[in-house]
Amino acid sequence: FGSVLPACGGLGAINEGKQIHACIIRTNLQDHIYVGSALIDMYCKCKLLHYAKTVFDRMKQKNVVSWTAMVVGYGQTGRPEEAVKIFLDMQRSGIDPDHYTLGQAVSACANIASLEEGSQFHGKAVTSGLIQYVTVSNSLVTLYGKCGDIDDSTRLFSEMNVRDEVSWTAMVSAYAQSGRAIEAIQLFDKMVQHGLKPDGVTLTGVISACSRAGLVEKGQRYFELMINEYGIVPSNGHYSCMIDLFSRSGRLEEAMRFISGMPFPPDAIGWTTLLSACRNKGNLEIGEWAAESLIELDPHHPAGYTLLSSLYALKGKWDCVAQLRREMKEKNVRKEPGQSWIKWKGKLHSFSADDESSPYLEQIYAKLQELNQKITGNGYKPDTSFVHHDVEEAVKIKMLNYHSERLAIAFGLIFVPSGLPIRVGKNLRVCVDCHNATKHISSVTGREILVRDAVRFHRFKDGTCSCGDFW
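Heads up, the sequence shown stops at 471 in the UniProt record's numbering, and the numbers go up one at a time, no gaps.
What follows is the structure, given as structure tokens:
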């Protein structure tokens with residue numbers, strides 16, 4: 001049973017796995033520690049976490065394999081917060097993690113940019129000696145990169161006695177996310193000089209770095225190298241990176257030609273990337289083409305409607321905006337609400353523009369009013385072009401003032417001590433106006449503000465952003 005269940009998990013053969021589970025119950029072996037651990041692993045790999053948790057909870061005895069299976073299961077199915085919680089429960093139960101378990105726990109922290117727990121796990125790695133394992137060090141490099149601590153990522157990478165392809169890729173990606181394209185490119189070239197062969201993930205990192213710095217020709221060269229020299233067949237992700245490369249630089253016609261030459265149509269990410277750039281550049285013709293293609297691919301994808309609606313609003317085509325909203329209502333398409341969060345003293349505080357559940361809302365609004373007065377005096381001017389509602393200018397400005405990231409930043413200014421940076425996460429891309437406002441906030445408050453949005457990391461300090469206003 002301990003051998004055949006992992007095979008079922010690897011194949012995703014859930015029906016056979018359930019039949020074997022029934023046989024285990026009939027033979028009264030469900031309480032055997034190895035059988036229980038194998039069942040958990042099988043259900044996790046088949047993405048039936050509630051079944052895995054049921055088996056886990058009824059186990060009278062658990063070992064490091066049982067706990068690790070749950071940590072990995074939650075971490076690899078998009079539930080990193082639960083993965084971190086399971087790992088902490090494991091430690092409280094007196095079970096010491098091995099290098100694989102610890103690496104998975106650190107990776108879960110990286111996925112939610114939780115520097116607080118991640119730093120604690122780093123300490124655990126050092127005191128237990130597990131830091132010597134490349135899997136743990138790789139996870140820590142990724143963690144600090146995703147949390148915007150590029151200096152810590154660099155330090156850890158330089159201290160590693162042994163590096164594999166994953167180590168180099170993690171560091172390249174960390175530089176790319178932080179907007180340090182030149183360092184990402186130099187590190188990639190150094191990796192090749194060391195005789196290591198980059199994989200598809202590495203190439204995604206270096207092309208993304210070129211995209212975020214406007215280095216179009218370099219990005220094209222790396223894409224060609226990927227195919228001709230490294231023999232890597234481009235995936236949807238690589239094609240989306242190339243669409244992003246052209247789109248960010250405003251070379252929308254080249255993006256169109258690139259799409260026309262692709263062996264298959266772009267996925268939703270590719271079309272959304274192009275459509276978002278059309279919105280930013282005000283290109284209605286290509287924007288309509290991208291939106292129609294995205295809606296044809298996925299009629300219920302909200303980006304096709306919301307970004308095109310924003311583009312119409314920019315052009316003052318309010319009748320078209322109203323028509324798109326009617327279509328969304330008829331098709332029951334819902335826009336993903338903007339949400340931002342900040343972690344403080346072990347608790348995650350989430351904010352959205354229309355959410356009044358925070359007990360600190362009165363203090364936050366007062367802080368925002370104070371900030372608005374200061375940044376206006378510092379030269380800030382609201383950009384209402386990103387409000388796609390046909391309302392008075394004053395109403396548009398008020399709507400901008402209470403975007404979710406501003407609520408989270410205000411919370412940070414109230415509670416995070418002045419010596420520490422304010423770290424905010426956001427599920428969507430930061431809008432142009434909030435990006436501009438946050439630069440001014442960092443200037444008037446003298447605070448360092450780090451915002452990790454759906455696209456990249458932004459480090460605001462002294463009125464500037466690490467992205468160089470190119471994102």
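Ideal placement from N, C-alpha and C gives every residue a C-beta, glycine not left out.
Residues near Asn161 in its chain [Cβ-Cβ closer than 8 Å; skip 5 each side]: Gln132
Closest Cα partner of Gln339 within the set Phe351, Ala255, Asn236 and Leu275: Phe351
Short Cβ contact (9 Å threshold) for Ile422 with Val430: no
Closest Cα partner of Thr127 within the set Leu102, Gln177 and Cys147: Leu102
Arg452 (DSSP reduced to helix, strand or coil): strand
When Leu252, Val432, Trp318 and Asp319 are compared against Trp289, the one with the closest alpha-carbon: Leu252
Minimum length 4: unbroken alpha helix (DSSP H) runs contained in the segment 239 to 291: 252 to 260 and 268 to 281
Val233 burial status per 10 Å Cβ neighbour count (16 or more: buried): exposed
C-alpha gap between Ala7 and Val432, whole angstroms: 49 Å
Buried versus exposed call for Gly129 [16 or more other C-beta atoms within 10 Å across all chains shown]: exposed
Stretch pair the segment 54 to 67 + the segment 78 to 85: three plus CB contacts closer than 8 Å: no
Asp149 versus Leu48: straight-line alpha-carbon distance, rounded: 35 Å
Beta-carbon proximity check, Asp244 vs Ser208, cutoff 9 Å: yes
Complete alpha helix (DSSP H) runs within the segment 73 to 160 (minimum length 4 residues, chain order): 80 to 92, 99 to 111, 115 to 128, 134 to 146 and 150 to 159
Proximal residues to Phe188 (C-beta, below 6 Å), its chain only, five neighbours per side dropped: Val172 and Val206
Element boundaries [alpha helix (DSSP H), containing Lys347]: From DSSP, Lys347 is part of no alpha helix (DSSP H) but of the beta strand (DSSP E) over Lys347 to Ser352.
Outcome for Gly287 when other beta-carbon atoms lying within 10 angstroms are tallied against a minimum of 16: buried
Reduced DSSP secondary structure (H/G/I, E/B, other) of Ser357: coil
Endpoints, alpha helix (DSSP H) assigned at Lys53: Leu49 to Arg58
DSSP state of Phe1 mapped onto helix, strand, coil: coil
Whole-Å CB distance - Leu314 paired with Gly282, under 8 Å assumed: 6 Å
C-beta atoms of Ser404 and Ala454 nearer than 9 Å: no
Terminal residues of the alpha helix (DSSP H) in which Ile232 lies: Counting along the chain, Ile232 falls outside any alpha helix (DSSP H), and DSSP gives it neither H nor E.
Other residues of its chain near Ala410: CB distance less than 6 Å, five sequence neighbours each side excluded: Ile364, Lys367 and Leu368
Buried or exposed by the 16-neighbour rule on C-beta atoms within 10 Å, applied to Ile25: exposed
Limits of the unbroken alpha helix (DSSP H) element including Lys18: Ile14 to Arg26
Residues near Lys461 in its chain [Cβ-Cβ closer than 6 Å; skip 5 each side]: Ser442 and Glu448
Buried or exposed (CB count within 10 angstroms, at least 16 for buried), Trp318: exposed
Candidates Ile86, Ser37, Glu217 and Tyr43: closest to Gln61 by CA position: Ser37
Simplified DSSP state of Cys431, which is helix, strand or coil: coil
Secondary structure of Val192, DSSP reduced to three states: helix
Beta-bridge partners of His458, as assigned by DSSP: Val451
Residues near Ala110 in its chain [Cβ-Cβ closer than 6 Å; skip 5 each side]: Thr142, Leu143 and Lys146
Within 9 Å, strictly: CB atoms of Pro302 and Glu327: no
Alpha helix (DSSP H) runs contained entirely in the segment 290 to 319, provided each spans 4 or more residues: 302 to 314
Distance, Cys210 Cα to Lys218 Cα: 7 Å
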